[in-house]
Amino acid sequence: MSALKIALTKGRTEQQVIPLLEASGVDCTAIRHKERRLIFNDLPDIHFILVKGPDVLTYLNRGAVDIGIVGSDILSEQNNQQYDMLDLGVGKCQFVLASTPEFDPNQIKRKIIATKYPNITQRYFQKIGEDVEIIKIEGSVELAPLVGLADAIVDIVETGTTLRENNLQVYARLQKVSTQLVVNQLALKQHQTAIATLIQRLSTAKQ
Ligand code: PRP
46 MSALKIALTK GRTEQQVIPL LEASGVDCTA IRHKERRLIF NDLPDIHFIL VKGPDVLTYL
106 NRGAVDIGIV GSDILSEQNN QQYDMLDLGV GKCQFVLAST PEFDPNQIKR KIIATKYPNI
166 TQRYFQKIGE DVEIIKIEGS VELAPLVGLA DAIVDIVETG TTLRENNLQV YARLQKVSTQ
226 LVVNQLALKQ HQTAIATLIQ RLSTAKQ
C-alpha cells in the first residue's frame, strides 16, 4: 500500500498541528528540523508536503495529495463543498468587521471594505442587506482603514494583538474559524483503513 500524502498548511497551522500529529503517533522530527525543505517522504506510511493555505485544495483537487490540513477560513473563502472534514480544534479564531474608533457602521455612504477574503465579505454584507465595495488585499489588512484606503476591514482575529496595536476596534463578529482536515473522496476509497485510523487517532489526541 502506498503512503498517505498530506498537504499541511505551512506557518502558524503547521506549528499548531505538529503536536497533534505527534500525539497521534506520527513522527514529525523531519518537519520540525525542516529548514527550507518542502517535501517529507522519510516515513513509510505518511508523506507530507508544506504548502500555502490557499493552495491546499488545488493539490487535493488534482489528486496530488490524499488529505489537506487547512483553516476553515480558506475552505469557506474557496467555497469548498466537496470534502469531508474533521475539525482539529486548533487554529481557533474569528472573522470580524473592524475599523478605527471614528468609523460609523451606520454611515449613509457606500462603504469600502478591505479584506483578504472577498467571498466571505461579500456573503456577510449580502446577508445583512448592505451593498459595499470590496478591495482585495494580500496581507497586513489592518493598514487599510489607517491610511484611508478603506472604511473598514473584514479579517481574522486570533489574540487581538494586531487590532489593539493598530488602535482598531471590532464592530461585528462573523463566523468562527478553526483548522480542518479534509479528505479527497477517491483517496478515501483507496486508503480507507489508513485514513480512518489517522482520523480516529487525531480525534482522540485533540481531546
Ligand atoms: C492574521 C490576520 C491578522 C492577524 C491576527 O494575519 O490577518 O492580521 O493574523 O492575529 P492576532 O489577532 O493574533 O493579532 P497573518 O499573521 O496571517 O499575516 P498577514 O496579515 O500578513 O496575512
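The numbering of the sequence shown is the numbering used here, which starts it at 46 and goes up by one.
The beta carbon of each residue, even a glycine, is placed where N, CA and C say it ideally should be.
(1) In whole angstroms, give me the CA-to-CA distance for T166 and N211.
(2) Is the Cβ-Cβ distance between L133 and F93 less than 8 Å?
(3) Evaluate S144 with the Cβ neighbour count: other Cβ atoms within 10 Å of its Cβ, from every protein chain shown; 16 or more gives buried, anything less gives exposed.
(4) I need the DSSP call for T206, collapsed to helix, strand or coil.
(5) With 16 as the cutoff for other CB atoms within 10 Å, does D176 come out buried or exposed?
(6) Which partner residues of C138 appear in the DSSP bridge assignment?
(7) Do you know whose CA, among E59, V215, N164 and P64, lies nearest G113's CA?
(8) Taking Cβ to Cβ, would you say I173 is nearer than 8 Å to A159?
(9) Indicate, with yes or no, if the ligand PRP has a heavy atom lying under 7 Å from the CB of S223.
(10) Please classify D149: is it buried, with 16 or more other beta-carbons within 10 angstroms of its beta-carbon, or exposed?
(11) For S248, name the three-state secondary structure that DSSP assigns.
(12) Along the chain, where does the alpha helix (DSSP H) that runs through A68 open and close?
(13) Does the beta-carbon distance from V222 to S69 come in below 8 Å?
(14) Tell me which residues share the same chain as V227 and place their Cβ nearer than 6 Å to its Cβ, disregarding the 5 neighbours each side in the sequence.
(15) With distance defined between alpha-carbon atoms, name the residue in R107, E187, P99 and T249 nearest to N124.
(16) Determine which residues share a DSSP beta bridge with H236 and list them.
(17) Could you tell me whether any non-hydrogen atom of the ligand PRP is closer than 7 Å to the CB of I179?
(18) On the three-state DSSP scale, how would you describe T166?
(19) Taking 8 Å as the limit between beta carbons, can you name the residues of its chain near I180, skipping five residues before and five after?
(20) Would you kindly check if the distance between the Cβ of D87 and the Cβ of L49 is under 8 Å?
(21) Measure the C-alpha to C-alpha separation of T204 and I198 and round it to an integer number of angstroms.
(22) Suppose the cutoff is 7 Å on Cβ atoms and the five residues either side in sequence are ignored; what does the same chain contact list for V251 look like?
A quick look at the data gives this:
(1) 21 Å
(2) no
(3) buried
(4) helix
(5) exposed
(6) V222
(7) E59
(8) no
(9) no
(10) Exposed, since its Cβ has fewer than 16 Cβ neighbours within 10 Å.
(11) helix
(12) Its alpha helix (DSSP H) spans residues R57 to A68.
(13) no
(14) G113, Y128 and M130
(15) P99
(16) Looking at the DSSP output, H236 shares a beta bridge with no other residue.
(17) no
(18) helix
(19) I157, I158, A159, T160, A189, L194 and A195
(20) no
(21) 17 Å
(22) Strictly speaking, residue 251 in this sequence is Lys, with Val absent from that position. L65, L133 and G134, listed in sequence order.
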